[in-house]
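Peer 1:
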Amino acid sequence: MSTPIVSLENVSVTFGATRALVDESLHIYPGEIIGLLGHNGAGKSTLVNVATGAVAPDRGVMTVDGHNMPLRGRPKALEAAGIKVIHQEPSLATNLRVGENICLATPLERRPKRERKRVAADALASVGAGSISLKAPVGDLSFGQRQLVDIARAHATDLRVIFLDEPTAALGKKETTALHGLLVELAQSGKGVVYVSHRLKDVLELCTRIVILREGRIVMDQENVGITAAALTAALSPSSATPGATHRAGELGAIDDAAKLMVNTPHQTLGFEPGKVTGLFGMAGDRQFDLLESLYGLSRGVDATLGDARFAPSGPRAAVRAGVHYVSADRERDSLIDGMSARDNLLLPWLKQFSRFGVISNRRVRRTYDASRDELSIRGARDIDNISSFSGGNRQKVVIARWMLVSRPRLLLLAQPTQGVDVSARQEIATAVRAAASAGVTVVVASAESDEIDLLCDSAYVCRSEEWRPVPRGVRDFQEQLLAALLA
Ligand SMILES: Nc1ncnc2c1ncn2[C@@H]1O[C@H](COP(=O)(O)OP(=O)(O)OP(=O)(O)O)[C@@H](O)[C@H]1O
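Numbering of the sequence shown is given in numbering that gives the first Met the number 0, commencing with residue 0 and proceeding in unit increments.
(1) Pick out the complete alpha helix (DSSP H) segments inside the region 340 to 383, 4 residues or longer, and give them in chain order.
(2) In whole angstroms, give me the CA-to-CA distance for residue 305 and residue 261.
(3) Kindly identify the DSSP beta-bridge partner or partners of residue 396.
(4) Quick one: is the Cβ of residue 344 within less than 8 Å of any heavy atom of ligand 1?
(5) Looking only at DSSP bridge pairs, what is residue 462 linked to?
(6) One question on the structure: do residue 160 and residue 118 come within less than 9 Å of each other, judged by their Cβ atoms?
(7) Excluding five sequence neighbours on each side, which residues of the same chain lie with their C-beta closer than 6 Å to the C-beta of residue 241?
(8) Could you name the residues that DSSP lists as bridge partners for residue 6?
(9) Which residues share a DSSP beta bridge with residue 161?
(10) CB of residue 87 to nearest heavy atom of ligand 1: below 8 Å?
(11) Could you tell me which of 295, 283, 115 sits nearest to residue 448, measuring between CA atoms?
(12) Would residue 215 and residue 397 qualify as a contact pair, given that the criterion is a beta-carbon distance under 9 Å?
(13) Can we count residue 66 as close to ligand 1, meaning its CB is less than 8 Å from some heavy atom?
(14) Enumerate in chain order the residues of its own chain whose CB-to-CB distance from residue 254 is below 6 Å, with the five nearest sequence positions on each side excluded.
(15) Identify which residue in 351, 357, 346 has its Cα closest to the Cα of residue 366.
(16) My assumption, with CB atoms under 8 Å, is that residue 80 sits in contact with residue 60. Please give the rounded CB distance.
(17) Return the bridge partner residues of residue 96 from the DSSP annotation.
(18) Which residue from 223, 377, 17, 5 puts its Cα closest to that of residue 66?
(19) At the level of alpha carbons, what is the spacing between residue 19 and residue 42?
(20) Between which two residues does the beta strand (DSSP E) carrying residue 263 extend?
(21) Looking only at its chain, what residues have a beta carbon closer than 6 Å to the beta carbon of residue 354, apart from the 5 residues adjacent to it on each side?
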């Protein structure tokens, strides 16, 4: 066998009392696409962070092309050696343009302008994002587009091994397929690829080797030959829930029409019933996400009624006052405050309700946090620890719990609520969504993923150019019907 490009040997990382990695080793060979799997908090990001220099391990050895790398202060040296990482949240300067971002802090910065432009345009085209303008301010791009720019940035300069931490969480089917094609090309040209994902089907289709972490330990490391989804599920956690458990119709409690939502679009009126979960399905970048934003007052011009009254919130504060809660697709950017505890992040909009005469009731706060933690299985550090010490999936659960569990809304707007969370967390979120609907909440889920709409929704509107096509959950396979309506 050839020499590994990167070797990590006997690596251990602890954070306080948490053993995030326990004496583990991983060798990455040219031409491999390694699927790195594990439940939220299993240690995947920690392993990626050690390999890319963001976390210094307590113990262990790392070599690149057989040469020892120091364990501390290495991110620049590793990037120069072609070891790149694409995080769940794109690491781009939102105030700069696309072209500037691709060249930022790379050797390209020292090249003539014309060459920078050419390399940046080629890099965008190579990740299937040639339609994004080099001049576009990154802050104006959608989450999925920013992620593609980030990948283009890694691709623009010398690349040996690329780590991708949940790269497709916010991408639609078309972009995901294009990205997978690109990763196969990279591997065929001798690069190493490490692909962190919760999507077992993607990993089985794409990866050449599968590595599973559980509680900081590698519990499976196998070539991807003859492995089934069932075997992966069992290896992930012997007690885990079955993925993609079937949809359950709601058992309705007392339903009240005050939560009924009607939205007038130029061509039709869309109706959203209390007690039901209705999907808005389309490609990434389609209008399903814009519609949610306008219902939350983030953009003007929605023509809607909620209950009996006209509904046109002037901003998020007015929307929340009207009982409208929103979980955005980019939860890290829009919702979490780094430096604050998980508990304060959970309760942020509701803190007033927990105080009497200006004094916060710690007992009630703790009880509320504990209830949310148990309902969505938020795992990791303590409630009083900084939100940044929680894993990505657990941070997402904190945002979802904030808007779904702490205070019950009238209208609940969810943008890709199960993206980036593991198989059992998907089920927990699905159960919580169903419970909200059963209590009479109107729930609207926007997604570019047909399996997410299938998991959560009773019916859906499918976005097709200017029109929305209603797709009821019928006798035929729901996902097939959604895709047929999208492509018809
Ligand atoms: N900076 C930190 N401080 C304290 N604990 C941390 C820190 N970073 C990670 N941890 C803990 O280490 C463990 C592993 O976290 P890690 O982020 O590697 O998990 P993960 O497998 O990537 O999870 P996810 O799928 O949710 O992103 C978790 O228990 C997490 O709470």
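For every residue, glycine included, the Cβ atom is placed at its ideal position computed from N, Cα and C.
Peer 2: This is what the structure holds:
(1) 341 to 346, 361 to 375
(2) 7 Å
(3) For residue 396, which the question treats as bridged, DSSP gives no partner whatsoever.
(4) no
(5) 467
(6) no
(7) Residue placement at residue 241 is flagged as unreliable, the pLDDT there being 35, under the threshold of 50; the coordinate-derived value follows with that caveat. No residues qualify anywhere along the chain.
(8) 26, 62
(9) 83, 192
(10) yes
(11) 283
(12) no
(13) no
(14) Caution is warranted here: a pLDDT of 47 is assigned to residue 254, below 50, making its placement in the model unreliable, and the coordinate value is therefore given only provisionally. So the qualifying residues of the chain are 273, 274, 439.
(15) For the residues 351, 357, 346, the minimum Cα distance to residue 366 belongs to 346.
(16) With a Cβ gap of about 16 Å, residue 80 and residue 60 do not count as contacting.
(17) In the DSSP assignment, residue 96 forms a beta bridge with 136.
(18) 5
(19) Looking at the two C-alpha atoms, the distance is approximately 5 Å.
(20) 260 to 263
(21) Excluding sequence neighbours, residue 354 sits near nothing in its chain.
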